[in-house]
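Q: The structure is given below, and queries will be raised subsequently.
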Amino acid sequence: MMKTRSILAIVVAMMFLLGDVHAQDCNPNEDIKDCYPALIAKGSPSPICCEELDHHINCLCKYIDINQIILPPHYQYLPNLANTCGVFFPVCELGL
């Protein structure tokens, strides 16, 4: 019984650690770099772009704030690009 609890505690601790690793920094220069051509040209996203957006869905609001500096004024098209990919764009609060 004690051994089972110890193993369970280790598994739970590892889940928390992996959760922290999964909550990576949001860096659009790396995370959604394949979306830049579609953002700049207001064109259709590539399948790789759509995968990147889906994979980094938790960063989308942060990308808008970051992209105000990196890709002005193209950041404003990120929600449309995500929607074209079928990726639900979250409602973002100002000042993230």
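Residue numbers for the sequence shown, in mature numbering (1 follows the signal peptide of the UniProt record, and there is no 0): -23 to -1, 1 to 73. All C-beta atoms, glycine included, are put in the ideal place defined by N, C-alpha and C. Bear in mind the structure is a predicted one, so any value in this text is a computation, not a measurement.
Measuring CB to CB, does Glu29 end up less than 8 Å from Cys12?
A: In the sequence shown, the residue the question calls residue 29 occupies position 52. In the sequence shown, the residue the question calls residue 12 occupies position 35. Yes, they are a contact pair.
Q: How far does the alpha helix (DSSP H) with Cys27 in it reach, from first residue to last?
A: Residue mapping note: residue 27 aligns to position 50 of the sequence shown, counting from 1. Counting along the chain, the alpha helix (DSSP H) containing Cys27 begins and ends at Pro24 to His32.
Q: From what residue to what residue does the alpha helix (DSSP H) around Ile17 run?
A: In the sequence shown, counting from the first residue as 1, residue 17 sits at position 40. Taken as a continuous stretch (DSSP letters only), the alpha helix (DSSP H) holding Ile17 covers Tyr13 to Ala18.
Q: Given that a residue counts as buried once 16 or more other Cβ atoms are within 10 Å of its Cβ, and exposed if not, what is Ala18?
A: Counted from its first residue, the sequence shown places residue 18 at position 41. Looking at its Cβ environment, which holds fewer than 16 other Cβ atoms inside 10 Å, Ala18 is exposed.
Q: My output table needs one value for Pro67: the three-state DSSP class, helix, strand or coil.
A: The count along the sequence shown starts at 1 and reaches residue 67 at position 90. Three-state result, Pro67: coil.
Q: Check this for me: beta carbons of Asp31 and Val64, under 8 Å apart or not?
A: By 1-based counting over the sequence shown, the position of residue 31 is 54. By 1-based counting over the sequence shown, the position of residue 64 is 87. Yes; because the gap between Cβ atoms is below 8 Å, this pair is in contact.
Q: Please check the pair Cys38 and Cys62, which I expect to be a contact at CB under 8 Å, by giving their CB distance rounded to whole angstroms.
A: On the sequence shown, position 61 is the one that residue 38 refers to. On the sequence shown, position 85 is the one that residue 62 refers to. With a Cβ gap of about 16 Å, Cys38 and Cys62 do not count as contacting.
Q: Do you know how far the Cα of Asn60 is from the Cα of Tyr54?
A: Taking the sequence shown and counting its residues from 1, one reaches residue 54 at position 77. Taking the sequence shown and counting its residues from 1, one reaches residue 60 at position 83. Cα to Cα, Tyr54 sits roughly 10 Å from Asn60.
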